[in-house]
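Below you'll find the structure, written out as C-alpha cells, and then a few comments.
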Amino acid sequence: MAEDFQLPIGSRVWFPAKWECGTLDSVLHDSDGNVMAYVILKDDGKYHAVDMQTVEIKDADA
Numbered sequence: 006m007a008e009d010f011q012l013p014i015g016s017r018v019w020f021p022a023k024w025e026c027g028t029l030d031s032v033l034h035d036s037d038g039n040v041m042a043y044v045i046l047k048d049d050g051k052y053h054a055v056d057m058q059t060v061e062i063k064d065a066d067a
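This is the structure in C-alpha cells:
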C-alpha cells in the first residue's frame, strides 16, 4: 500500500537525526510503492539517505 503523504521533490527539509537541512532530491520506494527512504542533497553538496520517519518539511519562517 503506497503512502498517502509525499514530500515534493525540491522541498527544503530538516532531518532531526542529523540536525541538518537540505533539499529533497529523490525518494526510494519498495516494490509496493511504500516510501523506504528520502535522499537529501545537503547544503555541503553531499547526498544523504534518511529513513522516512526522520524527515520533516522545513518551516519557511525558521
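First residue of the sequence shown: 6, per the numbering used here; consecutive thereafter. In this text, a Cβ means the ideal position worked out from N, Cα and C, and glycines have one as well.
Does residue i pass the burial test, meaning 16 or more other C-beta atoms within 10 Å, or should it be called exposed?
i: G50; result: exposed
i: E8; result: Residue placement at E8 is poorly supported in this model, since its pLDDT is 46, which falls under 50; the coordinates are not used for a value here.
Report the residue from the options whose alpha carbon sits nearest the alpha carbon of residue i.
i: K47; options: S31, G27, S16 and N39; result: G27
i: I14; options: N39, P21 and V32; result: V32
i: N39; options: W24, S16 and D56; result: D56
For residue i versus residue j, is the C-beta spacing smaller than 8 angstroms?
i: Y43; j: L29; result: yes
Which one or two residues does DSSP pair with residue i in a beta bridge?
i: S31; result: V44
i: D56; result: A42
Going by the C-beta, is residue i closer than 7 angstroms to any heavy atom of the ligand HEM?
i: D37; result: Inclusion of the ligand HEM in the displayed structure is not the case, the ligand content being empty and no account of it being possible.
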